[in-house]
Every structure is written in C-alpha cells, then in structure tokens.
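In our numbering, the protein residues as written are 5 to 248. Even glycine gets a Cβ: it sits at the ideal position worked out from N, Cα and C.
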Amino acid sequence: MNEIRDVIIENFDTGAAGSILISAGKTRVLCTASLSTDLPGWLASKEPPSGWISSEYNMLPGSTSPRKRRGTDGRSTEIQRLIGRSLRAMVELTSIPGLSIICDCEVLQADGGTRTASITGASVSLMMALGAALDDGRLAAPPTDRLPVELVTAISAGVVDGQCVVDLDYEKDSRADVDLNAVQNQKKEWIELQGTGERAGFTKAQLDEILDLCDTAIANIRNRQLEFLKGNLSPNAASILIGS
C-alpha cells in the first residue's frame, strides 16, 4: 500500500530553456523553465544583485472529468505560490544575478498529486534552464566548483482507512482522513509541509510515520531526478549544478 507510483521524467521539446514531462502513475505534468532578464521592479536595483524565480500552474480543461473550466482559480493560485516558494528554496538567488526564471506547470492528466509532481518536475526543468544559461554564457560560472543550488522533491501522503499512506492517487485522496504535501531538499531538510485533517485529526505518532514514508519516497524520486539530469545536462553544467 505504501509503494509509490512509477515516476517517469522525459524530455519534451518546447521553446523553453528547460522542458520536461513528468508522469506519476496516470498524473502527467508538462514543466518548462524560461529564461529572461525581466526582473520584478522591486528587485531591479537591489544590492547585491539578485535573480528571481516564479511559477505558474494550470490544468488542461480535459485533464479531469468532468471538464475543468479554463483559467486560474483560487486553488491554482495557492498551488503556484507553493511551487514558487519551493523553487526559490533551491537556489541562492544572488548566485543568478539579473536572471529571471519563470517555471510553468501544465497538468495534462490529473489523478492526484498534481502539485507535488509539478514541484518535482519544475525542479528538474529549472536545473535544465540553469544548465542552458551556463552553457551559453547568460550565467557566469561560479567562483567555486558548485553553484549554490540543489534539487527539491515533493510527495503527497495522508491517512486512508486508518493507515498512513504515501503518494495518493485521486481515489485514495478522495477517501483520505488526513492529507499532507511534503517538499524536501537534497540535505533532507523539509522546505514545506502542508497537512490538514480533512475528516479527522491525527496524532504525533501518525505524523512521524507519514514523514518517514515521505522521506523514503522522496529519496527514490530524487534518484530519478538526478539520473535524468546526469543524462541530459552538459558535462560542464552537470559538474557545476549536481557535482557530477
């Protein structure tokens, strides 16, 4: 019951500097990262110079049944803010001065876990965009061997039928008494935890069990992120971004 769905990360050619398709079971999300020098006004004169990372999240109307009305609603706004916070936690923003990166997450098919798949996929597309910027000179090589950047990875979890479970599809999510989304960096630090007792409260022991399940699942997914990046970044960018 606590096995995660198969996670597949693959290239998806678009005009963006970083573009991947992530699948988690039947959930599929297109994640792109576009490079720009158009910084927010409040950041343009900041010292020391800094970069910025933002995100947008949308669902294809036909990604769910019944059809979802096109456009950004309150849920989408909440999710894209979560994605943006998670991605900004990846990078020391002063290490990408003058660079603005916009990450777009488009849900093509939804079967639970769209926000966590979006974070995991956008983290990879952001790394690919940073790699492209290093390769073409838009981002200068850091004075040290590594750019201060690390992957973030996310997973959903909860309590279903009294059992702590991880990676909820739509069917499990619709029955969950407790729903939680977890985001973690490569140091195994929690970037964000969003937990709600939908139909019942939960104990500290249950929370500890859920976090242990998330920790194991995220380690598995992170390996897939790194495997993809090692095979798709240039050798120079891979050395600077992921140390290989």
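May I ask which residues mark the beginning and end of the beta strand (DSSP E) holding residue i?
{"i": "Asn269", "result": "Nothing in the structure corresponds to residue 269, since the chain is present only between 5 and 248."}
{"i": "Thr68", "result": "Thr68 -> no beta strand (DSSP E), and no H or E assigned at all."}
{"i": "Ala34", "result": "With the sequence shown as reference, residue 34 is identified as Leu, and Ala is not the correct amino acid for it. Leu34 -> beta strand (DSSP E) spans Thr31 to Ser40."}
{"i": "Glu51", "result": "That residue, Glu51, is in no beta strand (DSSP E); it is neither H nor E in DSSP."}
{"i": "Ser99", "result": "Element bounds for Ser99: n/a, residue is neither H nor E."}
{"i": "Ala241", "result": "Looking at the DSSP string, Ala241 is not in any beta strand (DSSP E); the run it does join, the alpha helix (DSSP H), is Pro239 to Leu245."}
{"i": "Leu197", "result": "Trp194 to Gly201"}
If we call anything under 8 Å between Cβ atoms a contact, is residue i one with residue j?
{"i": "Ser90", "j": "Glu196", "result": "yes"}
{"i": "Val156", "j": "Ala242", "result": "no"}
{"i": "Gly135", "j": "Leu245", "result": "yes"}
{"i": "Asp183", "j": "Thr207", "result": "no"}
{"i": "Ala121", "j": "Thr18", "result": "no"}
{"i": "Gly125", "j": "Ile13", "result": "yes"}
{"i": "Ala209", "j": "Asp181", "result": "no"}
{"i": "Asp218", "j": "Ala161", "result": "Inspection of the sequence shows that residue 218 is occupied by Cys rather than by Asp. Yes, they are a contact pair."}
{"i": "Met63", "j": "Ala21", "result": "no"}
{"i": "Phe232", "j": "Val153", "result": "no"}
{"i": "Leu47", "j": "Ser54", "result": "yes"}
Expressed to the nearest angstrom, what Euclidean distance is found between the alpha-carbon atoms of residue i and residue j?
{"i": "Ala37", "j": "Met132", "result": "8 Å"}
{"i": "Leu237", "j": "Val111", "result": "24 Å"}
{"i": "Asp4", "j": "Pro146", "result": "In the structure as shown, the chain begins at 5 and stops at 248. Residue 4 is therefore absent and cannot be evaluated."}
{"i": "Gln190", "j": "Glu82", "result": "24 Å"}
{"i": "Lys234", "j": "Ser248", "result": "7 Å"}
{"i": "Leu130", "j": "Asp139", "result": "14 Å"}
{"i": "Gly117", "j": "Ile159", "result": "7 Å"}
{"i": "Ser4", "j": "Glu202", "result": "The chain is shown only over 5 to 248; residue 4 falls outside these bounds and no answer can be derived."}
{"i": "Ser58", "j": "Gln84", "result": "8 Å"}
Give me, in chain order, the residues of the same chain whose beta-carbon lies closer than 6 Å to that of residue i; leave out the 5 immediate sequence neighbours on both sides.
{"i": "Leu43", "result": "Trp56 and Ser104"}
{"i": "Pro65", "result": "Arg71, Lys72 and Arg74"}
{"i": "Val33", "result": "Ile26, Cys109, Val111, Ala121, Ser122 and Gly125"}
Kindly indicate the opening and closing residues of the alpha helix (DSSP H) around residue i.
{"i": "Ser129", "result": "Thr118 to Asp140"}
{"i": "Asp216", "result": "Lys208 to Asn236"}
{"i": "Asn15", "result": "Counting along the chain, Asn15 falls outside any alpha helix (DSSP H), though it belongs to the beta strand (DSSP E) covering Val11 to Asn15."}
{"i": "Gly88", "result": "Gly78 to Arg92"}
By Cβ distance below 7 Å, which residues in the same chain neighbour residue i in space, the five residues on each side in sequence not counted?
{"i": "Gly224", "result": "This sequence places Asn at residue 224; Gly is not what is there. If we look at Asn224 and ignore the five residues flanking it on each side, its Cβ neighbours are Ile8."}
{"i": "Phe16", "result": "Ser23, Ile24, Leu25 and Leu34"}
Kindly list the residues whose CB is nearer than 8 Å to the CB of residue i, restricted to its own chain and excluding five residues on each side of it in sequence; keep chain order.
{"i": "Pro52", "result": "Thr98 and Pro101"}
Quiz item: Is there contact between the stretch 161 to 170 and the stretch 60 to 74, where contact requires at least three CB pairs shorter than 8 Å?
Solution: no
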